[in-house]
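Presented below is the structure to which this report refers.
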Amino acid sequence: MKKSKLIVFLLFVLQIVFSQGISDKDKLARTLYTKALKNLNDFKCSESLYYSQKLLDYSLQKNRPALAAVAYNIIGLNFEEFGDLKKSAQYYNSGLKYANIAKNDTLRNYIYNNMGNLYYFKFKDAIKGLYFYKKCYEISKRVDTPIDVAFSEINLADVYLELKQYQEAFNFLTLVQQKIQPTDYEIGMSFYSLMGNYYEMNHDFKKAEYYYLKCINDFKYLNLAIHKAHQSDIYLLVSKFYEKKNDAVKSLNYLKKHDSLQDILFNQERKFEFRKAGGDLEALENKLKVQQIETDKKIQEQKISEARRFTTIVLIFLAILIVFLIFIFKGYVNYKELNSKLFENNEQLKLAQEKTEEATKLKSQFLSNVSHELRTPLYGVIGMAQILESEHKEIKDSPYFNALKFSSNYLLTLINDVLNVYKIEDNDIEFNYELIDIRKEINHINDSMNVIAKSNCNELIVSISEDFPKYIKTDLTRFSQILINLVSNALKFTHHGKVEIKLDLIEKNTNQCIQLQVIDNGIGIPKEFLDKIFEKFVQVDVHLQEQYKGTGLGLSIVKRLVDLFKGSISLTSEINKGSNFTILLPYLNIDSNLELHQLSNYHLDHLKPLKILVAEDNKINQMVTKKLLEKNHHYCKIVENGIEAVNCATNEKFDLILMDINMPELNGIDATTKLRALGITIPIIALTASDKENILKDIKDNSNGLTDVLVKPFEYHDLQLIISKYIN
Ligand code: ADP
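Residue numbering for the sequence shown follows numbering that gives the first Met the number 0, beginning at 0 and increasing consecutively.
Below you can see the structure in the form of structure tokens.
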């Protein structure tokens with residue numbers, strides 16, 4: 000089956016005009032184009048070539064690749080009409096190059112289509128034709144103009160029928176059918192004739208005849224030359240169909256129709272045109288050859304300029320990259336410098352920090368050492384004063400003696416306060432929680448405070464709410480320290496007034512808390528001091544004028560202890576009305592009866608006379624301890640050092656040994672180890688002026704045989720308490 004594709008070519012070319020939109024303003028291009036096209040349509044190829052070559056000139060001058068592609072396409076079509084197929088292919092190729100430069104898919108689509116036609120219909124190379132149609136189909140789908148897609152599909156169906164791939168052909172025809180519009184005459188004609196052909200190939204002659212006749216009848220009234228050419232092809236096709244069916248009458252009838260149309264279309268106009276065109280064709284061709292060379296040159300130039308542009312862009316990009324890299328490098332160098340500076344600074348900071356820490360450590364160590372050193376002789380002074388007082392009752396009235404007693408007691412308080420502050424700051428403090436009969440303990444404190452209360456004519460009241468538990472779990476020493484500090488302050492700064500110790504169990508944020516309040520109606524604290532008062536060494540100026548004695552450390556110790564208890568302290572106060580210190584401590588549940596049984600219940604009231612060995616190198620302390628023990632009816636033997644202690648304890652039987660730790664010859668710890676090795680089992684209580692937790696812990700834990708430890712200076716009550724723990 001063969002038919003002319005002229006209709007399709009022209010249609011494509013026509014569409015180019017509109018789709019490429021040769022601008023209305025560009026009148027020259029539009030005129031040249033229209034003339035070239037019209038002449039080709041009328042088979043006046045010579046004129047058509049004349050105008051299309053002018054159009055090419057113009058497009059190259061104006062550097063408009065899309066227009067050049069259009070011109071080459073028409074030139075290609077003209078040469079195809081002459082039958083100079085090689086040249087036709089050559090001009091289509093040029094058109095394709097320009098379409099590529101213009102990056103114009105619509106143009107590429109049309110030219111590929113024309114090349115497909117050329118190879119399929121003219122060169123009779125269905126495979127190559129298929130190759131170009133496929134390219135065309137890909138592009139038309141991308142551009143997505145339904146009519147272009149339909150043309151591609153018609154062409155593909157045609158070539159597949161030729162290649163006897165009927166199913167493929169039928170698939171494409173089905174696709175076309177969905178797109179046909181009543182006014183798409185060319186597509187309609189092609190579709191019905193191809194359907195007829197398809198069924199003819201499949202030996203369904205009835206259907207084939209139906210489609211052929213439909214094709215002829217539906218379109219026979221079309222009068223344009225291009226439609227007539229197509230009709231002529233179809234008549235020939237149908238004539239051959241009937242010939243195959245052995246219907247000679249019909250076959251002849253359609254052959255006649257074909258011939259008469261052929262006569263009209265070709266034998267008259269076209270041949271005439273061909274002859275006319277023949278004369279100047281050679282000159283025209285030469286011109287086109289020159290143009291072709293120029294075109295190639297231009298394309299080459301364009302490629303070079305594109306390459307140049309690309310190189311420039313790459314160079315610019317590289318330059319930017321280099322600048323960027325330089326910046327990064329500089330940044331990196333700066334960063335390195337900064338980093339090393341930072342590192343240096345950090346090192347210096349670290350050094351400075353270490354120095355500060357060391358200095359602070361040294362300071363607190365110095366203070367603590369000095370305080371300990373002071374405590375030992377002070378123990379002597381206070382002890383001696385007590386001895387003097389008990390042996391010479393009349394001395395009590397001496398103002399000098401009283402001044403000595405007051406000063407030494409004051410000095411001891413001061414030293415103890417300083418030690419306490421630094422102990423807490425060094426975190427050298429460990430809480431020892433035990434069950435305490437709180438009413439009993441507060442009464443003890445109350446008793447000892449009553450003496451001070453009387454001196455300022457104050458009334459000291461204790462009120463503990465009824466629902467307050469009998470036992471609480473706390474560190475008695477720290478708890479007492481807090482209470483004593485607050486109560487002694489209240490008594491100090493109140494005259495002829497009232498100081499109240501209040502204890503309640505309250506609920507705060509669903510947690511039970513012990514609320515301890517010390518309320519006085521004394522001189523009060525000015526507002527501006529309320530938040531500073533818990534800092535170290537802060538005293539209210541007004542009070543200083545009134546010659547109150549104090550270190551300014553008491554409240555800071557209280558605050559720190561409360562913190563360690565994980566509690567809180569608050570203060571309200573008004574000048575001349577009084578102060579209220581409120582402390583909240585977490586209430587720890589007592590969870591077993593066992594704890595209650597473990598309560599210390601020592602019988603301190605009466606200790607039987609004991610035989611006690613005291614190892615102590617300080618002469619004054621020897622005297623003080625001896626007097627203290629003898630006053631309480633104990634027998635006391637003094638030795639100077641560890642060696643003497645070992646000798647004495649192995650030769651004589653004692654109930655208890657009080658062993659000083661720091662002694663010449665043999666220290667207390669080593670002496671104890673020896674005594675235990677010799678089988679001595681009696682309690683050995685270490686004596687030390689150091690109350691540092693870690694030292695005390697060491698003495699207790701070192702499994703060196705020491706039974707317990709007592710911190711100097713101690714009162715008889717402390718000694719009594721510790722002895723009663725180990726001697727029944
Ligand atoms: P100090 O050893 O001086 O008493 P504190 O830290 O215990 O040191 O107290 C600091 C200062 O707070 C006291 O010097 C006093 O001015 C003031 N202060 C403390 N308690 C009271 C109080 N109950 N009434 C009035 N002033 C008080």
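All C-beta atoms in this analysis are idealised placements derived from N, C-alpha and C, irrespective of residue type, glycine included.
According to DSSP, is residue i helix, strand or coil?
i       : result
Ile-513 : strand
Lys-531 : coil
Asn-666 : coil
Thr-706 : coil
Lys-610 : strand
Ser-580 : As written in the sequence, residue 580 is Phe, which differs from the Ser given in the question. Strand at Phe-580.
Thr-761 : Because residue 761 is not part of the residues shown, which for the chain are 0 to 727, the question remains open.
Ile-327 : helix
Lys-37  : helix
Asp-246 : coil
Tyr-91  : helix
Tyr-197 : helix
Lys-501 : strand
Pro-376 : helix
Pro-398 : helix
Pro-64  : helix
Thr-310 : helix
Pro-712 : coil
Tell me where the alpha helix (DSSP H) around residue i begins and ends.
i       : result
Tyr-109 : 104-116
Val-537 : Per DSSP, Val-537 belongs to no alpha helix (DSSP H) and is neither H nor E.
Asp-717 : 715-725
Asp-562 : 553-563
Ser-139 : 125-142
Lys-626 : 618-630
How about residue i and residue j: do their beta carbons lie closer than 9 Å?
i       : j       : result
Cys-214 : Tyr-198 : no
Ile-524 : Ser-572 : yes
Gly-521 : Val-498 : yes
Ile-100 : Ile-303 : no
Asp-474 : Glu-433 : yes
Ser-487 : Ile-463 : no
Lys-178 : Val-142 : no
Glu-714 : Leu-657 : no
Leu-95  : Gly-115 : no
Thr-160 : Leu-193 : Reading the sequence as shown, one finds Leu at residue 160 and not Thr. Result yes, Cβ atoms of Leu-160 and Leu-193 sit closer than 9 Å.
Ile-74  : Tyr-90  : yes
Tyr-586 : Leu-504 : yes
Quick one: give me the first and last residue of the beta strand (DSSP E) that residue i is part of.
i       : result
Tyr-470 : 470-473
Ile-451 : From DSSP, Ile-451 is part of no beta strand (DSSP E) but of the alpha helix (DSSP H) over 437-454.
Ile-153 : Counting along the chain, Ile-153 falls outside any beta strand (DSSP E), though it belongs to the alpha helix (DSSP H) covering 145-161.
Leu-655 : 655-659
Glu-208 : First-last for Glu-208: 204-218, but that is the alpha helix (DSSP H), not the beta strand (DSSP E).
Got a sec? Which residues, its chain only, sit under 7 Å from residue i by beta carbon, not counting five neighbours each side?
i       : result
Lys-249 : Tyr-241
Lys-121 : Glu-79, Leu-84
Asp-262 : none
Ligand 1 and residue i: does any heavy atom of the ligand fall closer than 8 Å to the residue's C-beta?
i       : result
Lys-630 : no
Gly-496 : no
Ala-753 : It is not possible to answer for residue 753, since the shown part of the chain is limited to 0 through 727.
Leu-418 : no
Gln-480 : no
Ile-423 : no
Ile-532 : yes
Val-537 : yes
Asp-616 : no
Ser-578 : yes
Leu-410 : no
Ile-582 : no
Ile-524 : yes
Leu-361 : no
Report all residues from its chain with a CB closer than 8 Å to the CB of residue i; omit the five preceding and five following residues, and keep chain order.
i       : result
Lys-535 : Val-420, Gly-551, Leu-552, Ser-555
Lys-133 : Leu-155
Val-645 : Leu-665, Ala-670, Lys-673, Leu-674, Leu-677
Ala-384 : Phe-400, Leu-403, Lys-404, Ser-407
Lys-395 : Glu-388, Asn-401
Can you name, in chain order, every residue of its own chain whose Cβ lies under 6 Å from the Cβ of residue i, other than the five neighbours on each side?
i       : result
Gly-195 : Ala-207, Tyr-210, Tyr-211
Leu-235 : His-257
Tyr-97  : Pro-64, Ala-67, Ala-68
State yes or no: is the beta carbon of residue i nearer than 9 Å to at least one beta carbon in chain B?
i       : result
Val-539 : The structure shown contains no chain B; it holds only a single protein chain.
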